[in-house]
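Residue numbers (this note's numbering): 2 to 140.
Heads up, the beta-carbon is just placed ideally off N, CA and C, and yes, glycines get one too.
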């Protein structure tokens, strides 16, 4: 996660010790970065890129918004899919969306377990009036 003035503590989920569940990266240079810039920064660390299917960025927008929605960015690229059709379906609603801090764990866990795909979360955010994934229970 990229921080803005050290406020990332305000947006980290508080269900246990965050250090046990999340790697927090203080990268103020990612504030305002687009999806390509976030992916370029992550891809600089090949080991990290291989471990993650999504990264969560706490940027200036996160800190200014009352709901503190983080930017969720998929690390998957066209090369991770068998064909163009599968890739296009995966990014139908974009390669990034905003999520409430409470969505970080469910998104990460479901993607890691392959229970759900990125597009299911991005589709839900796309349907929200503010473009934010809140939870499937709130729908």
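Cutting at 8 Å between CB atoms, please list the residues of its own chain near residue i, excluding the five before and the five after it.
i	result
residue 132	98, 99, 126
Which residues does DSSP list as the beta-bridge partners of residue i?
i	result
residue 71	100
residue 56	74
residue 92	DSSP output for residue 92 lists no bridge partner at all.
With a threshold of 16 other CB atoms inside 10 Å of the CB of residue i, please say whether the residue is buried or exposed.
i	result
residue 71	buried
residue 65	exposed
residue 137	exposed
For the alpha helix (DSSP H) containing residue i, name the first residue and the last one.
i	result
residue 105	105–113
residue 31	Here residue 31 belongs to no alpha helix (DSSP H), and DSSP marks it neither H nor E.
residue 126	119–128
residue 65	61–65
Which same chain residues end up closer than 7 Å to residue i when comparing Cβ atoms and leaving out the 5 residues on each side of it in sequence?
i	result
residue 39	31, 56, 58, 74
residue 76	40, 43, 50, 53, 54, 55, 56
Just to confirm my understanding: we take residue i, look at its own chain, exclude 5 residues before and 5 after, and list those with CB closer than 6 Å. What are they?
i	result
residue 124	94
residue 120	91, 93
residue 135	101
So, do the region 111–119 and the region 78–87 have three or more beta carbon pairs nearer to each other than 8 Å? No, they do not touch.
Closer than 8 Å is the cut-off here; do at least three beta carbon pairs connect the region 57–64 with the region 29–48? Taking a cut-off of 8 Å for Cβ pairs, the region 57–64 and the region 29–48 touch, as three or more such pairs fall below it.
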